[in-house]
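Step one of this worksheet: look at the structure below.
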């Protein structure tokens, strides 16, 4: 039996996140991911070094970017002999890449690698209509000029309109915001509670920037040196003045307590613990365990509450309870997602009926929640959010002291959720 | 407008006019680890063999210098690459004639970017000897202004007990293109307890930390240190991280995004070194390059402008030195190097730069005080004082004013960031153990502050 292997978070690097259409409007996923990898390479002296693997992904992805991560590696300072893989699980992508590498490292298939994610809502792929696509493909198959012309003659002006991607669930036709609006209503999450959470997110992120917390987590890109969505001066009053954008006129979800479309990339460097020590790399935190879960939103389940299920299973497997963590990172897709998730854990009825638990899972100390801000303030470039959270949490845990534990919870489209436990080395 | 004027000035017709006005095209200076192309001549005025011994140690073949002792000065058969005059032991005013006699034929035959190097005693006794010692400085400064086509002259005062091994790195630096923009200067070299041989890549397996490394002179300092074999830790403010990362990846070091005015900046630098390179790792050289300007006439300078410049340019390095010198893992090694950036503004004063001049003159004071304090640990402390260097910062000066700054030195041009970096590289060289407490101007013998 070999000595047990343990994957540790060495550190991370991300670009500042900015609102879609802003400073990164001309930057592609490839540009952003390459920049984030280069900043990581510089921080840890990886230029010219061959790593075992880089796992990365994007949610809004051009078909030409089938090998996005590998191409980013080739454009980066890393050795071109570093292999790469693209993964995708909607907003869970970033955390899944970290789990993927953790598993490989734990199994001895790798010593060191990078988990990464990127999304550019500015550079989203625009596709042609299905009818135009079918007509062109038919013309392409035609062997004679007349049949080719006949195939093309099927094209109508309306078919020429480009189709922009939407954050819509294919099986329900509802946007994520509309789904969440239903969840918000069902769980009775108030506008005030949502705005409070959004305010805390901005205040925490602003404080983290002011204290230099991100000095070794973020590298500027295209002249941007701080997260562009952060509003350090926002207030209850300003948030309360915003009009609802989801849930109709009586809705409680606004642009202030929902995440904006964002551009950015994030990376996390992982290594086998002994390898990291031998190679002069920091060891911030171990990944203890991870879990993925899904709900059936097509049958009416809350679309974004799958993490509630994943956490329940993860805690059961680890023999831990919800209160066993120094820090909690619940991704703020919407303020009400975080609040509904916590409400679900506090609800004995939900925990019994939906999670199969004997009683409520419990509540979490709000002072330990998203202490350095989360997606409402930082923004949410879908696949990059996991990397942002993991690197920041690992640093926070390490500063807190050896053994400190943190829980990461990320909801994803398709009724999915991915969660993980980190523990400071 | 400034750019158009500049383009016109440097165009063909523009240069013809400039030539008529007595503004010749600047000489392209010899740079890098390149010796003079012509022969090297050496002479000793009173029998000291230090000059010829040091040349021999460097493997530089040298012939006897010609001496002017008749009506017509003798002519060298070929353009002279360099003249080394060992003027140690000079105590009497008539002995200065020997220097004149050696310089006259050499100056006449000097190749472009040629070198004159004069060695003299640092410690002398007697009134006449003191007068002679200072007279050498006057001669050196004057010859600097008379030499043409990028040739330079410099004067090295040698402390008692200094051997060829102690002097070798200085002589090598002065002969080579590395000293291209150092002209008309004098500084002192002394004996060192232990000195390394002069090598092509003297910083191999050594860690060099450079603050303000993201761009300009700092980037060039890091680049030269890496060229000389160093593992570089490039430090700059988080906002400069993008350029910092690109440079670091190019040089193969590690980047540290850090505001050096943070109270724990020194501790964080040491922590990064210990973390990346092991608890036993020590910094060979700390280059305090980061600096800012907040120019205003004193009457318009408020407390904030004053404090920001003094804090970044001076107070921060004082604090960092305390942490780096306390023996912690990742701190400065014994036999290490501390280098700061002074400025001709600090030496001469500069209109609109009271805060900057304060900080840069303060650097000079710091270097002089810290050098003897750290001598016992073999740590040297030195500074460079750049004159007009072509950087993004100086490119913002209006063209006419900039052209004046450029031209008002003996080499008739601005220096390049690499000239500052090479001089710092000379301080960083393990072979420069005998060079401490010195402030070397890299200014092409600028009229300002002379």
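Chains as they are written, first to last, in my numbering: chain A, 1007 to 1431; chain U, 7 to 456. The beta-carbon is built from N, C-alpha and C at its ideal position, and this holds for glycine as well.
query	result
Return the chain-ordered list of same chain residues with a C-beta closer than 8 angstroms to the C-beta of residue 170 of chain U, the five sequence neighbours on each side being excluded.	56, 59, 60, 62, 63
List the residues of chain A whose Cβ lies closer than 8 angstroms to the Cβ of residue 191 of chain U, in chain order.	None at all; the shortest Cβ gap to chain A is about 36 angstroms.
So, does the CB of residue 1387 of chain A fall closer than 7 angstroms to a CB anywhere in chain U?	no
Which value, in whole angstroms, describes the spacing of the CA atoms of residue 1352 of chain A and residue 1084 of chain A?	46 angstroms
State buried or exposed for residue 7 of chain U, treating a residue as buried only when at least 16 other CB atoms are found within 10 Å of its CB.	Residue placement at residue 7 of chain U cannot be trusted, given a pLDDT of 43 that sits under 50; what the coordinates show is reported in the next sentence. Counting Cβ neighbours within 10 Å, residue 7 of chain U comes out exposed, since fewer than 16 surround it.
Can a CB atom of chain C be found closer than 7 angstroms to the CB of residue 248 of chain U?	Chain labels in this structure do not include chain C; the protein chains are A and U.
How about residue 1186 of chain A and residue 1418 of chain A: do their beta carbons lie closer than 7 angstroms?	no
CB-CB under 7 angstroms to residue 1153 of chain A, same chain, minus the five flanking residues each way: which ones, in chain order?	none
Can you tell me whether residue 1191 of chain A is helix, strand or coil according to DSSP?	helix
Output yes if chain U places a C-beta closer than 7 angstroms to the C-beta of residue 1017 of chain A; else output no.	no
Any chance you could list the alpha helix (DSSP H) runs of at least 4 consecutive residues sitting entirely within the segment 1330 to 1377 of chain A, in chain order?	1341 to 1352, 1354 to 1359
By the three-class DSSP mapping on this structure, what secondary structure does residue 7 of chain U have?	Below a pLDDT of 50, predicted positions are generally treated as unreliable, and residue 7 of chain U, at 43, falls in that range; no measurement from the model is reported.
Three-state secondary structure (DSSP) at residue 353 of chain U?	helix
So which residues on chain U does residue 1190 of chain A lean against when the C-beta distance must stay under 9 angstroms?	Simply none; closest approach about 37 angstroms.
For residue 1007 of chain A, count neighbouring Cβ atoms within 10 angstroms of its own Cβ and tell me buried if that reaches 16, exposed if not.	Low confidence applies here, because residue 1007 of chain A scores a pLDDT of 43, under 50, leaving its location unreliable and the question unanswered by this model.
In terms of DSSP beta bridges, what is residue 447 of chain U paired with?	U/391
Please list, in chain order, the chain A residues whose beta carbon lies closer than 8 angstroms to that of residue 282 of chain U.	1050, 1051, 1286, 1287
Can you give me the Cβ contacts of residue 456 of chain U inside the same chain, cut-off strictly under 6 angstroms, excluding the 5 residues immediately before and after it?	The pLDDT assigned to residue 456 of chain U is 43, lower than 50, so where the model puts this residue is not dependable; a value taken from the coordinates is nonetheless given after this. Here the set comprises nothing.
Which one of U/356, U/111, U/453 has the shortest CA to CA distance from residue 417 of chain U?	U/453
How big is the Cα-Cα spacing for residue 1125 of chain A and residue 299 of chain U?	39 angstroms
Rank U/69, U/212, U/35 by C-alpha distance to the C-alpha of residue 158 of chain U and give the top, closest one.	U/35
Does the beta carbon of residue 1304 of chain A sit closer than 7 angstroms to a beta carbon anywhere in chain U?	no
Just the C-alpha distance for residue 1426 of chain A and residue 1412 of chain A, rounded to the nearest angstrom, thanks.	8 angstroms
Checking contacts by CB at 7 angstroms: is residue 251 of chain U closer than that to chain A?	yes
Under a CB-based cut-off of 7 angstroms, is residue 197 of chain U close to chain A?	no
What is the DSSP secondary structure of residue 1305 of chain A, reduced to helix, strand or coil?	helix
Closer than 8 angstroms by C-beta to residue 328 of chain U: which residues in its own chain qualify, once you throw out the five before and the five after it? Chain order, please.	272
For the beta strand (DSSP E) that residue 397 of chain U lies in, which residues bound it at each end?	No beta strand (DSSP E) contains residue 397 of chain U, which DSSP labels as neither H nor E.
For residue 163 of chain U, which residues does DSSP report across the bridge?	U/126, U/194
Taking DSSP as the reference, what is the three-state secondary structure of residue 403 of chain U?	coil
Name the residues in the segment 259 to 276 of chain U whose C-beta lies less than 9 angstroms from a C-beta of chain A; which are they?	259, 260, 261, 262, 263, 264, 265, 268, 274
Output the distance between the C-alpha atoms of residue 37 of chain U and residue 113 of chain U, rounded to the nearest integer angstrom.	20 angstroms
Pull up the distance between the alpha-carbon of residue 1188 of chain A and that of residue 1300 of chain A, whole angstroms please.	18 angstroms
Looking at the structure shown, is residue 224 of chain U part of a helix, part of a strand, or coil, going by DSSP?	helix
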